Amino acid sequence: MKMDSTIINREGIEKLLSMLPTEEERAKITEAQFANPETPLGSAEQFLLTLASISELTASCGHSNWIMKIWKRKLQSR
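Heads up: the sequence shown is residues 1 to 78, going by the UniProt record's numbering.
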């Protein structure tokens, strides 16, 4: 994964990590989606599922210190 601070900075990454849905939240959204397939998800629910689908973010969930260290090194090297 290329770290480009001109696209998203440390604060942006921290914000995204804080928004990641929990397993329970993701399960509830998915259950509601399957129970009512004719009803589209709201923008907030779709956003949460999209965030959860980003493997680089979900892999770091619970390891936000690790990704912050990488970002810090990357930003300091500039």
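From the three backbone atoms N, C-alpha and C, an ideal C-beta is built for every residue, glycine too.
None of the values given here were measured: they were computed from a predicted structure.
- Item | Three-state secondary structure (DSSP) of LEU41 | As a position in the sequence shown, residue 41 is number 41, starting the count at 1. Of the three classes helix, strand and coil, the one that applies to LEU41 here is coil, per DSSP.
- Message: Which residue marks the beginning of the alpha helix (DSSP H) containing LEU17, and which one marks its end?
- Response: Taking the sequence shown and counting its residues from 1, one reaches residue 17 at position 17. LEU17 -> alpha helix (DSSP H) spans 10-19.
- For GLY12, does the count of other Cβ atoms within 10 angstroms reach 16, so buried, or fall short, so exposed? Here residue 12 is taken as the residue at index 12 of the sequence shown, counted from 1. Looking at its Cβ environment, which holds fewer than 16 other Cβ atoms inside 10 Å, GLY12 is exposed.
- Query: How would you label ALA52, buried or exposed, when you count the other beta carbons within 10 angstroms and need 16 or more for buried?
  - Reply: In the sequence shown, residue 52 corresponds to position 52, counting from 1. Flag for ALA52 reads buried.
- Message: Please list the terminal residues of the continuous alpha helix (DSSP H) segment that includes ILE29.
- Response: What you label residue 29 is simply residue 29 of the sequence shown in a count that begins at 1. It spans 23-35 - the alpha helix (DSSP H) in which ILE29 sits, taken as one unbroken run.
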